[in-house]
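Protein chains in written order, with our numbering: chain A, 44 to 255; chain B, 44 to 255.
Here is the structure we will look at, set down as structure tokens.
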DNA sequence: ATAGAACCGTACCGTACGGTACGCGTTCAA
DNA sequence: TTGAACGCGTACCGTACGGTACGGTTCTAT
């Protein structure tokens, strides 16, 4: 069940291939062909197959490699006060929105959804593991620290996290995945700061401790 | 730009073809082939092409036809009081969650996302139009009626609607689209009622008027 | 220097599938 | 009765693409 998230570093040559694959994915959507990757990376298809097994292996490696580049906020939990907690949470919201609205994330999520639609759930699991669950794992301790400091109030940190996710992401991700022109044109990225603040305010309104 | 949502009724024979297409989509994911649809519907490919033009046309017709079957809550806005408003909003949350977690919706959303990944945005727009925007169009007037009755407080009904969406859907939709086994196993549908109540409570906590 | 591995480029194969053509049965109207 | 339209089943075509094979070239290690 556990997905083997290889932390193995790829050689520069391999990274060139992965870069080619990722770029082609972003440019051409799901129209990624092995021939195109080989041409873009100036390598032979034979080598591609040798290193990544098959097309799915290449996609998985690409997704994992890209996911490893996303850096979650590092939060210092010592001396947690209201201001620090709020900043941490805002920072999580900011990263979440920034990632989710990025061209790369949209592309990889679309690819993973497509794969899931074909009974191949590996890619979907990898994306889940590296986006939702990655954030969840890092945010939960913060929330619980906030609760311990009487700055937050909730029973289930899982539920608190999921509400946070909803407040931050709302319908943005699904609309982007479905190619909503209106939203894209509205220049979501320019509004991230305002949305981060609103979502954080709402989160504290729902889960803030008595001192809040 | 406007998508032509044909309200034209399909003949029973055509509906049989659409049913076949929809069933195959749900069963086999995106592995929908014209040959399979023809065989399932006991018709010839030639007829299929005659009625629907090409594969995309068949998919579009299928999506539109299915979307037309989803019934939004009908709300009586006369004599709006706190209790009626709350019930209306709960009902919207219930429908939203029920639809989003249904096998058919998941399949169609996956199909639309896949299409969007291929620069073909029509399907994505149709799904957006018939899910998110359909709910939005019907919920907004309720929210505004609530505001007029001093039961709700907000400046932008658009923002209020989107927050509502986030509170209700949270990470459920994206996790289902990505095939999250844990969530599927958790039997989301059994928890819908509790989630509806929680989301509505939270919504009123954020947007409830002073009398709330 | 040289054997051998690694790897590039390209040609090739098999298959799956979208789309078309056609033969034949069935229905229905004149 | 007949003929025309409709539509089913099937065979067929072209193409795109995943995957493999192979000849030639560059790199590496002894």
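Idealized CB from N, CA, C, for every residue including glycine.
Rounded distance between the beta-carbons of residue j and residue i, thought under 8 Å
i	j	result
residue 191 of chain A	residue 170 of chain A	Not confirmed; about 32 Å, so no contact.
residue 245 of chain A	residue 241 of chain B	At roughly 14 Å, the Cβ-Cβ gap does not stay under 8 Å, so residue 245 of chain A and residue 241 of chain B are not in contact.
residue 211 of chain A	residue 101 of chain A	Their Cβ separation, rounded to whole angstroms, is 32 Å, which puts residue 211 of chain A and residue 101 of chain A out of contact at 8 Å.
residue 176 of chain B	residue 105 of chain B	Contact flag wrong, Cβ pair sits at about 19 Å.
residue 167 of chain B	residue 222 of chain A	4 Å
residue 156 of chain A	residue 219 of chain A	About 12 Å; that fails the 8 Å criterion.
residue 81 of chain A	residue 194 of chain A	Contact flag wrong, Cβ pair sits at about 54 Å.
residue 252 of chain B	residue 196 of chain B	5 Å
residue 331 of chain B	residue 249 of chain A	Absent from the structure is residue 331 of chain B, since the part of chain B shown begins at 44 and ends at 255.
residue 145 of chain B	residue 185 of chain B	Contact doesn't hold; Cβ gap of about 23 Å is too wide.
residue 136 of chain B	residue 243 of chain B	6 Å
residue 57 of chain B	residue 94 of chain B	6 Å
residue 224 of chain A	residue 200 of chain A	Not a contact, Cβ separation roughly 37 Å.
residue 77 of chain B	residue 91 of chain B	6 Å
residue 209 of chain A	residue 213 of chain B	4 Å
residue 216 of chain A	residue 178 of chain B	So it is not a contact: roughly 16 Å between Cβ atoms.
Assigned secondary structure, residue i (DSSP; H/G/I helix, E/B strand, else coil)
i	result
residue 75 of chain A	coil
residue 96 of chain B	coil
residue 48 of chain B	Residue placement at residue 48 of chain B is poorly supported in this model, since its pLDDT is 40, which falls under 50; the coordinates still yield a value, given next. Coil at residue 48 of chain B, not helix or strand.
residue 219 of chain A	helix
residue 251 of chain B	strand
residue 91 of chain A	helix
residue 107 of chain A	helix
residue 83 of chain B	helix
residue 70 of chain B	helix
residue 54 of chain A	coil
residue 244 of chain A	helix
residue 113 of chain A	coil
residue 118 of chain B	coil
residue 59 of chain A	helix
Worksheet item: Given a limit of 8 Å on CB to CB distance, which residues of the stretch 214–229 of chain B reach chain A?
Response: 214, 216, 217, 218, 220, 221, 222, 223 and 224
Return the residues of the stretch 146–162 of chain B that lie within a Cβ-Cβ distance of less than 8 Å from chain A, sorted by chain order. 150, 152, 153, 154, 155, 156, 157, 159, 160, 161 and 162
Next on the checklist: Check whether the stretch 109–122 of chain B and the stretch 81–91 of chain B touch, using three or more Cβ-Cβ pairs below 8 Å as the test.
Outcome noted: no
query: Along the chain, which unbroken stretches of the alpha helix (DSSP H) at least 4 residues long are found entirely within the stretch 122–168 of chain B?
result: 125–144 and 146–159
>> Any contact between the stretch 150–168 of chain B and the stretch 56–73 of chain B? By contact I mean 3 or more CB pairs, one from each, below 8 Å.
In response: yes
**Message:** Give the list of continuous alpha helix (DSSP H) stretches no shorter than 4 residues that lie fully inside the stretch 172–237 of chain A.
**Reply:** 175–191, 200–212, 215–220 and 224–228
ask   = For the stretch 80–106 of chain B, which residues have a CB atom closer than 8 Å to at least one CB atom of chain A, in sequence order?
value = none
Short of 7 Å Cβ to Cβ, which residues in the stretch 195–208 of chain B face chain A? 205, 206 and 208
Check: Do the stretch 227–243 of chain A and the stretch 132–146 of chain A meet, that is, are 3 or more Cβ pairs less than 8 Å apart?
Finding: Yes, the stretch 227–243 of chain A is in contact with the stretch 132–146 of chain A.
*Members of the stretch 55–74 of chain B that neighbour chain A once the beta carbon cut-off is set at 7 Å*: 72, 73 and 74
Counting only Cβ-Cβ distances shorter than 8 Å, please list the residues of the stretch 113–136 of chain A near chain B, keeping chain order. Of all residues in the stretch 113–136 of chain A, none has a Cβ within less than 8 Å of some Cβ in chain B.
Interfacial residues, the stretch 237–248 of chain A to chain B, with Cβ spacing under 7 Å | 245 and 248
| field | Residues of the stretch 161–178 of chain A with Cβ closer than 8 Å to any Cβ of chain B, in chain order | value | Against chain B - using a Cβ distance shorter than 8 Å - the residues of the stretch 161–178 of chain A are 161, 162, 164, 167, 168, 170, 171 and 175.
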